[in-house]
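Numbering-wise (my numbering), the sequence shown opens with residue 83 and increments by one.
Every residue gets a Cβ at the ideal spot worked out from N, C-alpha and C, and that includes glycine.
Heads up, the thing below is written out as structure tokens.
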Amino acid sequence: MNWKVFRLRQRFSEIAATRMMAAALVVVTVILAACSDSEPSPTPTPAPVPTATPAPLPSSTATPAPTATPAPPTPTPTPASTPTPEPTPTPEPPPTSTPQIAALFEYSRAVRLLEVQEFDDSIAAYGLVIRKLPEFGRAYYGRGLAYYGDERLDLALEDFDTAIGLEPEYGPTYVARARLYVDRGEIDKAVADLEKALTVFSPVREGREIAATEALLDSIR
């Protein structure tokens, strides 16, 4: 009976020792695990992976157009020395048309005065025209008629002569002077003027004047 108790106690002791050893192993394992966690092993640095450099793609480069070669510059001719021109005298400005227009209005007034036999006023009006237009033969002719109507034959003859000198192709002046010659008894001069008038009258435009001149010429022959 004592032997069995001894064996039982021995068995319990072995079991307890085994459990203690197992517990000790567990503790040691836990401690080792803790130590391994507290001091981590260094992580190896990965080696750099070589990066492949992409090869440059061939770009479609446009071929530049050939540049035209500029022509060589033309040499600038040296200007020849220009002689200094002599000063040109400044021409006098031509007379404006305003005095001429005023003279023509005065001429129309003189003609109207002559038609109504206002001889003195007509003579004065023709005088204004002559002062503004001294080369206007018709003004001398008109004033000569006014002098003739006022029976101032010498002044009338003087104006008729001037008018013929300025406008030798104007037929009525020859006829007017011929009438004056008839009044003064100078028939030969009157015939010469009437014949001259017939040569300068236009048959197309002055048919009546031609007929009247021929009638006057026949009456004094």
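Residues near residue i by beta carbon distance below 7 Å, same chain, minus five either side
i: E240; result: none
i: L196; result: S204, G224, L227, A228
i: G231; result: Q199, F201
Assigned exposure category for residue i - 16 Cβ within 10 Å defines buried
i: D275; result: buried
i: A293; result: exposed
i: E244; result: For the record, residue 244 in the displayed sequence is Thr; it is not Glu. T244 comes out buried.
i: A279; result: buried
i: T180; result: exposed
i: I269; result: exposed
i: A221; result: buried
Of the residues the options, the one placed nearest residue i, counting alpha carbons only
i: P204; options: Y256, V257, V264, L227; result: Per the sequence presented here, residue 204 reads as Ser, with Pro not at that position. Of Y256, V257, V264, L227, the residue nearest in Cα terms is L227.
i: A207; options: L248, P285, R287, S190; result: S190
i: L235; options: I212, G253, A260; result: A260
i: A272; options: D300, D202, A221; result: D300
i: V257; options: F283, D232, E233, L237; result: F283
i: R290; options: F242, Y263, G253, I302; result: G253
i: A185; options: F242, D202, R213; result: R213
i: I183; options: A192, V193, V211; result: V211
i: D265; options: R194, A238, E217; result: A238
Contact belief for residue i with residue j at Cβ below 8 Å, rounded distance in angstroms
i: G219; j: E249; result: 4 Å
Spatial neighbours of residue i in its chain, beta-carbon cut-off 6 Å, leaving aside the 5 residues before and after
i: E251; result: V282
Residue-chain proximity (residue i, chain B), Cβ-Cβ < 9 Å
i: I269; result: Looking at the structure shown, chain B is missing, and only one protein chain is on hand.
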